[in-house]
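Residue numbers (my numbering): 21 to 138.
One structure below.
If you want it as structure tokens, here you go:
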């Protein structure tokens, strides 16, 4: 703020706290841990955002993204449980764009969920 910055776009595939102002693109999907393109973003990359068109783009060449893709270090450290409720979560919770619900519960209630149900 002291340097004249009035807004900085934050892009996240999970929860955010402590950023109560400014432009935020939240819950992008698929998540980086699920192989989403957010895992390929590096410091210095340019991300374009057109809110009216509901479009976000990573301004990096296809060749560069292909080069980065095999870099498994981008997802190291993410949970890979072998059993229990954590394994069930990893295997069955959907991405944010499809409701972040358990895939085996989708459609079970018999009623639709409106887009603005929150």
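Beta carbons: idealized from backbone N, C-alpha and C, even for Gly.
Keep in mind that this is a model prediction, so the values were computed, not measured.
Query: Where does residue 46 fall in DSSP's three states?; Result: coil
Query: Within 10 angstroms of the Cβ of residue 59, are there 16 or more other Cβ atoms? Answer buried if so, exposed if not.; Result: buried
Query: Please say whether residue 49 and residue 117 have beta carbons closer to each other than 7 Å?; Result: yes
Query: Helix, strand or coil for residue 113, going by three-state DSSP, please let me know.; Result: strand
Query: Relative to the C-alpha of residue 72, which candidate in 41, 45, 52 and 81 has its C-alpha closest?; Result: 45
Query: Since I believe residue 33 is in contact with residue 51 (beta carbons under 8 Å), could you give me their beta-carbon distance rounded to a whole number of angstroms?; Result: 4 Å
Query: Locate the alpha helix (DSSP H) running through residue 85, then write down its first and last residues.; Result: 82 to 88
Query: Compare the Cα-Cα distances from residue 57 to each of 66, 114, 43 and 85 and report the closest residue.; Result: 85
Query: Span of the beta strand (DSSP E) holding residue 70?; Result: 67 to 70
Query: Out of 22, 41 and 109, which one is the CA nearest neighbour of residue 191?; Result: Outside the shown range of the chain (21 to 138) lies residue 191, about which nothing can therefore be said.
Query: Relative to the alpha-carbon of residue 65, which residue among 101, 80, 102 and 54 has its alpha-carbon at the smallest distance?; Result: 80
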